[in-house]
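Visitor: Sharing a structure, written as structure tokens. Questions coming.
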Amino acid sequence: MSLLLSDLALFIQNNEKSVDDNPHAELEGQDLWKEFSVKGTEMVITKKGRRMFPMIRTKLYGLDWKSKYIMMLEMVQYDRFRYKFTNGKWEVSGKGDIQPIRAPVMHPGSPKTGEDWMKDGACFKMLKLSNDPMNADGHIFLNSMHRYVPRFHIVRCDCFGNPIFSTFKSFVFDHTDFIAVTAYQNIEVTAKKIANNPFAKGFRKPNLEEKQRRNSRVLKKQETVESSSEDMDQPSILPNISNELMAQWQLALFSSYGSIQPEPLNLKIPDIPKKSGFGVLDLLAKPNL
């Protein structure tokens, strides 16, 4: 029995050595993300969960065709501050809340061969953002008025479908940071979301063609369905992350901590006035006799 196990371990080791890959991810829709970033991207969070727009959609390169891979996405707190929208811009308003480390979202297509991933890409349109820390639907919990950035992970699996810790590779894309809000603050961001988001069709001004369509009862019913907002789409179905994968992800996270953090924001942080009076050391100091 021990001989068989040793042979199996040797087979797996040799098989992994034969894999030559260099995973790389590229964000789709970069121009749209950049346009939002200039205005200050906002993402609405609700108790039931709200989908992102723009969404995270990636093209994948450099994967081994036959090997299987798992794709994951998480939201990382960008900095340690809370923000407020005032005078048409975002400003730091104080110290932010501590964001607990939570499990990332695994793409429902995982695991899948590198050939399929490179052909299909990875789209996280099913992902929802929530302000309910106790939600049981797998939505990502965020604190309102805090800044976040998506972080994308690729991990290769062995021949049994188990994740390989040493293959974890993480990506942070430019211009994807955003501020979580319970309602849009910047009217320019609101207008841009309505103009570009297909789920916001019902909020656009009707044109002549749309008026003609409304004359048809059949198209009227169809339009009612199409005009639904982001909250009215079908519920997301997200796969559960196994304990083993969660442990591997945590190891990869802590081992690479600090190397994949985005550049800090160039913000003017208000000076916090120092307290006057006695400090702790003054109270503990021996009196002069």
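Start counting at 1 in the sequence shown, then tack on 2, and there's your number in the numbering used here.
Ideal placement from N, C-alpha and C gives every residue a C-beta, glycine not left out.
Quick caveat, the model's predicted, so the values are computed rather than measured.
1. Which runs of the beta strand (DSSP E) at least 3 residues long sit entirely within the segment 29 to 70? Give them in chain order.
2. Using only alpha-carbon positions, find the residue among E190, H177, T115 and V191 that is nearest to G31.
3. Do the segment 55 to 72 and the segment 120 to 132 meet, that is, are 3 or more Cβ pairs less than 8 Å apart?
4. Which of the three DSSP states is assigned to F180 in this structure?
5. Determine whether the beta carbon atoms of S168 and G116 lie at a separation below 7 Å.
6. In this structure, what does DSSP give as the bridge partners for K91?
7. Thinking I72 and T184 are a contact (beta carbons under 8 Å), I'd like their distance in whole angstroms, please.
8. Which first and last residues belong to the beta strand (DSSP E) in which I156 is found?
9. Assign V78 to one of three DSSP states: helix, strand, or coil.
10. Taking DSSP as the reference, what is the three-state secondary structure of G98?
11. Mind checking T88: buried by the 16 CB within 10 Å criterion, or exposed?
12. Looking at M74 and M108, is the spacing between their C-beta atoms short of 7 Å?
13. Per DSSP, S112 forms a beta bridge with which residues?
14. Please state if the CB of V157 and the CB of F170 are separated by a distance shorter than 7 Å.
15. Mind checking who M73 pairs with in its DSSP beta bridge?
16. Go through its chain and collect everything with a Cβ distance to N24's Cβ below 7 Å, but skip five positions before and after it.
17. Do R84 and G96 have their beta-carbon atoms positioned less than 7 Å apart in this structure?
18. Using the Cα positions of D139 and V151, report the straight-line distance between them to the nearest angstrom.
19. Where do the ends of the beta strand (DSSP E) carrying K130 lie?
20. With DSSP run on the structure shown, which of helix, strand or coil describes K171?
21. My assumption, with CB atoms under 8 Å, is that H148 sits in contact with D99. Please give the rounded CB distance.
22. Just the C-alpha distance for K50 and D22, rounded to the nearest angstrom, thanks.
Guide: According to the structure shown:
1. 44 to 46 and 59 to 63
2. H177
3. Taking a cut-off of 8 Å for Cβ pairs, the segment 55 to 72 and the segment 120 to 132 touch, as three or more such pairs fall below it.
4. Strand.
5. no
6. T88
7. Between I72 and T184 the beta-carbon gap is near 32 Å, outside 8 Å, which marks them as no contact.
8. H148 to R158
9. strand
10. The three-state reading of DSSP puts G98 in coil, since its state is none of H, G, I, E or B.
11. exposed
12. yes
13. According to DSSP, S112 bridges with nothing at all.
14. yes
15. I156
16. Once the five neighbours on either side are set aside, the close Cβ partners of N24 are G64.
17. yes
18. 21 Å
19. K130 to S132
20. Residue state for K171 is assigned as strand, using DSSP reduced to three classes.
21. 7 Å
22. 43 Å
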